[in-house]
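Written below as structure tokens is the structure these notes are about.
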Amino acid sequence: MHSQKLGWLLLSPTIVILGLFGIFPFIYVLWVSFHSWNPFAANPGMIFNWAENYRRLVFDPQFLASLGITLTFVFFAVVSELVLGYILAQALLKDFPGKAVFRTIHTLPLIMAPIIVGSVWKLMTTPSIGIIPYLLRSWFGYDLNIGQSAVAAFTVTVIMDIWHWTPLVTLSLIAALVSLPSDPFEQAQIDGAGKSQIFWHITLPLIRPAMLATVFIRLMDALRTVDEVLMLTGGGPGSSTRYIGVHIFKEVFPKTNYGYGSAISVIVLYLTIVVCWLLYVGLIAPRVKRG
Amino acid sequence: MKTRFPWLPVVLWTLISLATLFPIYWLFVISVKQPFDLFSTPDVILRSFFWKNYQDVLTNPTLRGYMLNSMIISSGNALLVTTLGFLACYALTRFDLAGKESIFFWTITNRMAPPAVFLLPLFLLLTQVYRIGDFSLADSKLGMILVYCSFNLPFAIWTLRPTVEGIPKELDEAAYMDGASPWTVLYDIIFPLARPGLAVTLILTWVFAWNEYLLAATLTNFHARTLTTGLSEYVTTTGTAWGIMAAISMLTLVPALIVFSVVQRHIVAGLTFGAVKG
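As given, the protein sequences belong to chains A and B, one line each in that order.
Using the UniProt record's numbering, you'd call the opening residue of the first sequence number 1 and step up by one each time.
Using the UniProt record's numbering, you'd call the opening residue of the second sequence number 1 and step up by one each time.
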């Protein structure tokens with residue numbers, strides 16, 4: 001009575017749409033990436049040029065610089081979010097007055113559009129209208145100018161990312177911590193283990209799978225950060241916050257260099273997959289297998 | 001366990017909440033400031049309300065058009081992905097299809113790629129390939145509704161699958177005994193029971209589509225531009241109209257906030273992509 005035909009019929013719209021807007025773009029971009037194609041150049045046709053685009057890419061200092069600062073950004077942001085998120089998750093396990101309200105407020109940034117987050121932080125940090133540069137100047141005499149200082153712009157993007165995404169880490173770690181068995185902790189306390197010993201030898205190994213899943217999600221999302229940064233700094237000053245997504249956005253369209261732009265897209269996709277796959281194989285899969 | 005300072009967490013969390021809320025409060029402050037007040041000494045306390053920015057945004061025909069586009073695109077997309085995701089989950093959980101686990105996994109992978117990577121191919125496909133005569137998907141609302149499926153449809157399938165799977169199969173069997181068709185089972189048995197899950201999926205996919213910026217900014221020029229792209233226009237073209245920009249941001253934020261308060265509890269599972277459950 002369960003005809004296979006009907007099952008496929010029900011699935012077909014999903015497969016067609018994801019094919020047209022997921023798989024086909026990928027094949028198309030792969031194909032274009034082996035051509036030289038700039039519709040507004042002297043020679044607007046598509047010319048097959050083997051792996052010339054990729055050869056150029058490997059030696060492109062702008063691309064490599066963008067890749068480098070992306071990884072630095074991801075490292076600082078994700079590590080801070082993990083530490084902070086863990087501390088806040090632990091703090092939320094205890095009962096105290098108003099906990100539900102505080103937890104709700106803490107979750108608030110999650111639902112905000114990245115572009116709005118970018119505009120909020122722009123309004124706070126732009127000298128002349130922002131409150132943060134004003135306070136820093138009057139309290140510490142420090143001149144914060146994200147339009148001029150590369151370090152300041154980078155730091156503000158990291159802080160913005162922490163503000164936006166720490167709640168996600170907190171919530172996932174709460175879910176993990178709540179489901180932990182209590183026996184090992186009681187046993188450890190009876191044996192007279194210290195707080196740090198309990199953390200390193202019991203809590204951390206037990207929540208490791210959840211922790212890694214969280215790192216995985218944050219890493220993937222941080223690698224593709226575009227909207228916030230585009231809004232806040234536009235990739236500047238210079239190219240100090242030109243993270244890889246911003247780089248693609250700025251490189252591909254104004255220059256209409258479609259062949260080369262496609263090659264960048266393919267490489268970035270490839271690198272994302274490799275990073276995620278390495279993380280999965282190296283950290284998550286062995287754990288799953290063992291238990 | 002008794003703590004020695006019962007008020008300490010309250011104090012600390014009040015500070016954390018202030019840090020979380022302050023940026024949003026500052027957005028509001030800027031949005032209700034008089035233009036000449038903007039560049040005077042920044043002040044945390046609100047002394048007057050100046051609603052003209054909101055008036056300007058709400059009466060500006062271009063921005064109203066963007067708002068309408070945003071509404072149409074996110075509602076159309078949320079309805080489409082929830083319906084298709086529901087049908088797909090029904091097929092994946094109730095039918096014996098060859099390789100259905102691989103199909104399920106494949107749908108999920110569609111969401112993992114960085115969207116920036118797909119800007120160029122989607123732009124080229126929409127403008128050059130996906131067209132029939134004069135009809136083109138480029139810069140159309142229908143085009144954006146379909147493009148947003150690439151990240152929302154995997155999400156809908158991912159969140160709906162446990163819901164549909166959790167509905168006891170005995171109910172289907174009983175209905176089939178009474179001579180029901182698969183469509184009646186879907187409509188009369190599964191749909192009513194899956195309704196809470198469908199509502200959450202609908203709302204979350206709506207928010208994701210409403211919040212999207214990058215694809216909308218690249219794939220539309222006029223007919224299908226959304227509110228989020230309007231925001232960036234005010235930063236670049238007019239030498240940054242701060243008050244207007246803040247007012248648009250607030251207006252974009254409000255629907256998401258309302259939705260947030262409704263489905264707050266369910267949001268975590270959605271945003272973490274179900275990964276925490278394991």
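For each residue, glycine too, the CB sits at the ideal point set by N, CA and C.
- Task: Output, in chain order, the set of chain A residues within a Cβ distance shorter than 8 Å of Ala256(B).
- Result: As a first step, residue 256(B) must be located in the second sequence, where it is residue number 256. The contacting residues are Ile111, Met112, Ala113.
- Message: I'd like the list of long-range same chain contacts for Leu144(A), defined as Cβ closer than 6 Å, with 5 residues on each side in sequence excluded.
- Response: Here residue 144(A) refers to the residue found at position 144 of the first sequence. Pro133, Leu136, Ala152, listed in sequence order.
- Message: For Ala175(B) and Leu232(A), what's the separation of their Cα atoms in angstroms?
- Response: Numbered from its first residue, the second sequence carries residue 175(B) at position 175. Numbered from its first residue, the first sequence carries residue 232(A) at position 232. Going from the Cα of Ala175(B) to the Cα of Leu232(A) covers about 57 Å.
- Query: Taking the alpha helix (DSSP H) that Phe151(B) falls in, what are its first and last residues?
  - Reply: Here residue 151(B) refers to the residue found at position 151 when the second sequence is read from its first residue. Unbroken alpha helix (DSSP H) run through Phe151(B): 141 to 166.
- At least three beta-carbon pairs within less than 8 Å, the segment 199 to 209 of chain B to the segment 123 to 137 of chain B: no
- Message: In whole angstroms, give me the CA-to-CA distance for Thr14(B) and Asp191(A).
- Response: Along the second sequence, read from residue 1 onward, the residue named residue 14(B) stands at position 14. Along the first sequence, read from residue 1 onward, the residue named residue 191(A) stands at position 191. Computed Cα separation, rounded: 36 Å.
- Item | Per-residue burial, Leu154(A) [other beta carbons within 10 Å of its own, 16 or more giving buried] | Taking the first residue of the first sequence as position 1, residue 154(A) is located at position 154. Residue identity differs from the one stated: residue 154(A) is Phe in this sequence, not Leu. Buried.
- Buried versus exposed call for Ile116(A) [16 or more other C-beta atoms within 10 Å across all chains shown]: Locating residue 116(A) in the first sequence gives position 116, where the first residue counts as 1. Buried, by the Cβ-count rule.
- Return yes when the Cβ of Met250(B) is within less than 8 Å of the Cβ of Leu27(B), no when it is not. One-based indexing of the second sequence puts residue 27(B) at position 27. One-based indexing of the second sequence puts residue 250(B) at position 250. Contact flag set, yes.
- Task: Per DSSP, which residues does Arg131(B) bridge with? Please list them.
- Result: As a first step, residue 131(B) must be located in the second sequence, where it is residue number 131. Looking at the DSSP assignment, Arg131(B) forms a beta bridge with Ser136(B).
- Message: Given this structure, state the Cα-to-Cα distance separating Val79(A) from Ala222(A), to the nearest angstrom.
- Response: Numbered from its first residue, the first sequence carries residue 79(A) at position 79. Numbered from its first residue, the first sequence carries residue 222(A) at position 222. Going from the Cα of Val79(A) to the Cα of Ala222(A) covers about 11 Å.
- From the beta carbon of Ser136(B), is the nearest beta carbon of chain A less than 8 Å away? For the purposes of this step, residue 136(B) is taken as residue 136 along the second sequence, with counting starting at 1. Chain A, which has no Cβ nearer than 8 Å to the Cβ of Ser136(B), makes this no.
- Ignoring anything shorter than 4 residues or poking outside the segment 21 to 61 of chain B, list the alpha helix (DSSP H) runs there in chain order. 52 to 59
- Enumerate in chain order the residues of its own chain whose CB-to-CB distance from Leu137(B) is below 6 Å, with the five nearest sequence positions on each side excluded. In the second sequence, counting from the first residue as 1, residue 137(B) sits at position 137. So the qualifying residues of the chain are Leu126, Tyr130, Gly143.
- Message: For Arg55(A), report the span of its alpha helix (DSSP H) as first-last.
- Response: The sequence position of residue 55(A) within the first sequence is 55, counting from 1. Residues 52 to 58.
- Message: To the nearest angstrom, how far is the alpha carbon of Tyr148(B) from that of Val29(B)?
- Response: Taking the second sequence and counting its residues from 1, the one referred to as residue 148(B) is at position 148. Taking the second sequence and counting its residues from 1, the one referred to as residue 29(B) is at position 29. In a straight line, the C-alpha of Tyr148(B) is about 33 Å away from that of Val29(B).
- Which one or two residues does DSSP pair with Ser36(A) in a beta bridge? Locating residue 36(A) in the first sequence gives position 36, counting from the first residue. Ile47(A), per the DSSP bridge assignment.
- Message: Within 10 Å of its beta-carbon, does Tyr213(B) have 16 or more other beta-carbons around it, so buried, or fewer, so exposed?
- Response: As a working mapping, residue 213(B) is identified with position 213 in the second sequence. Result: buried.
- Item | Inter-residue Cα distance where the pair is Ala156(B) and Gly22(A) | The residue you call residue 156(B) lines up with position 156 of the second sequence. The residue you call residue 22(A) lines up with position 22 of the first sequence. Rounded to the nearest angstrom, the two C-alpha atoms are 15 Å apart.
- For Gly230(B), does the count of other Cβ atoms within 10 angstroms reach 16, so buried, or fall short, so exposed? Reading the second sequence from its first residue, position 230 is the one you call residue 230(B). Buried: at least 16 other Cβ atoms inside 10 Å.
- Message: Please report whether the beta-carbon of Trp200(A) lies at a distance below 8 Å from any beta-carbon of chain B.
- Response: Counted from its first residue, the first sequence places residue 200(A) at position 200. Answer no: the Cβ-Cβ gap between Trp200(A) and chain B never drops below 8 Å.
- Item | Which of helix, strand or coil DSSP assigns to Asp143(A) | By one-based count along the first sequence, residue 143(A) stands at place 143. In the structure shown, Asp143(A) sits in coil (DSSP, three-state: anything other than H, G, I, E or B).
- Message: Quick check on Leu180(A): does DSSP put it in helix, strand or coil?
- Response: Numbered from 1 along the first sequence, position 180 holds the residue referred to as residue 180(A). Three-state DSSP puts Leu180(A) in coil, outside helix and strand.
- Query: With Leu6(A) and Ile103(B) assumed to form a contact (beta carbons below 8 Å), what rounded beta-carbon distance in angstroms separates them?
  - Reply: The sequence position of residue 6(A) within the first sequence is 6, counting from 1. The sequence position of residue 103(B) within the second sequence is 103, counting from 1. Not confirmed; about 15 Å, so no contact.
- Query: How should Pro109(A) be labelled, buried or exposed, when 16 other C-beta atoms within 10 angstroms of its C-beta is the threshold for buried?
  - Reply: Taking the first residue of the first sequence as position 1, residue 109(A) is located at position 109. Label assigned to Pro109(A): buried.
- Under 8 Å Cβ-Cβ, which residues of chain B neighbour Ser265(A)? The count along the first sequence starts at 1 and reaches residue 265(A) at position 265. Residues of chain B passing the Cβ test: Ala116, Val117, Phe118, Leu119, Leu120, Pro121.
- So does the segment 163 to 170 of chain A actually touch the segment 80 to 100 of chain A, counting three or more Cβ pairs closer than 8 Å? yes
- Message: Going by DSSP in three states, Gly98(A) sits in which element: helix, strand or coil?
- Response: Sequence index remark: in the first sequence, residue 98(A) carries index 98 (1-based). In the structure shown, Gly98(A) sits in coil (DSSP, three-state: anything other than H, G, I, E or B).
- Thr20(B) and His106(A): beta carbons closer than 8 Å? Counted from its first residue, the second sequence places residue 20(B) at position 20. Counted from its first residue, the first sequence places residue 106(A) at position 106. Their beta carbons are under 8 Å apart, which means Thr20(B) touches His106(A) by this criterion.
- Thr125(A) to Pro97(A) span [Cα, whole Å]: Within the first sequence, the letter at position 125 stands for residue 125(A). Within the first sequence, the letter at position 97 stands for residue 97(A). Cα-Cα distance, rounded: 34 Å.
- Mapping DSSP to helix, strand and coil, what is Gln62(A)? Working through the first sequence from its first residue, we reach residue 62(A) at position 62. If DSSP states are grouped into helix, strand and coil, Gln62(A) belongs with the helices.
- Query: Which residues, in order along the segment 210 to 223 of chain B, keep a beta-carbon less than 7 Å from a beta-carbon of chain A?
  - Reply: Asn211, Tyr213, Leu214, Thr218
- Own chain, CB closer than 7 Å to Leu67(A), minus 5 neighbours either side, in chain order: Here residue 67(A) refers to the residue found at position 67 when the first sequence is read from its first residue. Result list for Leu67(A): Ile244, in chain order.
- Message: Between the alpha carbons of Leu180(A) and Thr72(A), how many angstroms are there, rounded?
- Response: On the first sequence, residue 180(A) is found 180 positions in, with the first residue counted as 1. On the first sequence, residue 72(A) is found 72 positions in, with the first residue counted as 1. Near 33 Å, if we compare the C-alpha coordinates of Thr72(A) and Leu180(A).
- Query: Thinking C-alpha only, which one of Ser74(B), Arg47(B), Leu87(B), Asn53(B) is nearest Tyr187(B)?
  - Reply: If you number the second sequence from 1, residue 187(B) lands on position 187. If we check each option's Cα against that of Tyr187(B), Leu87(B) comes out closest.
- Task: For my contact list, Ala65(A) and Asp161(A) are in at a C-beta cut-off of 8 Å; report their separation, rounded to the angstrom.
- Result: The residue labelled residue 65(A) in the question sits at position 65 within the first sequence. The residue labelled residue 161(A) in the question sits at position 161 within the first sequence. With 8 Å as the limit, Ala65(A) and Asp161(A) do not qualify as a contact, their Cβ atoms being about 20 Å apart.
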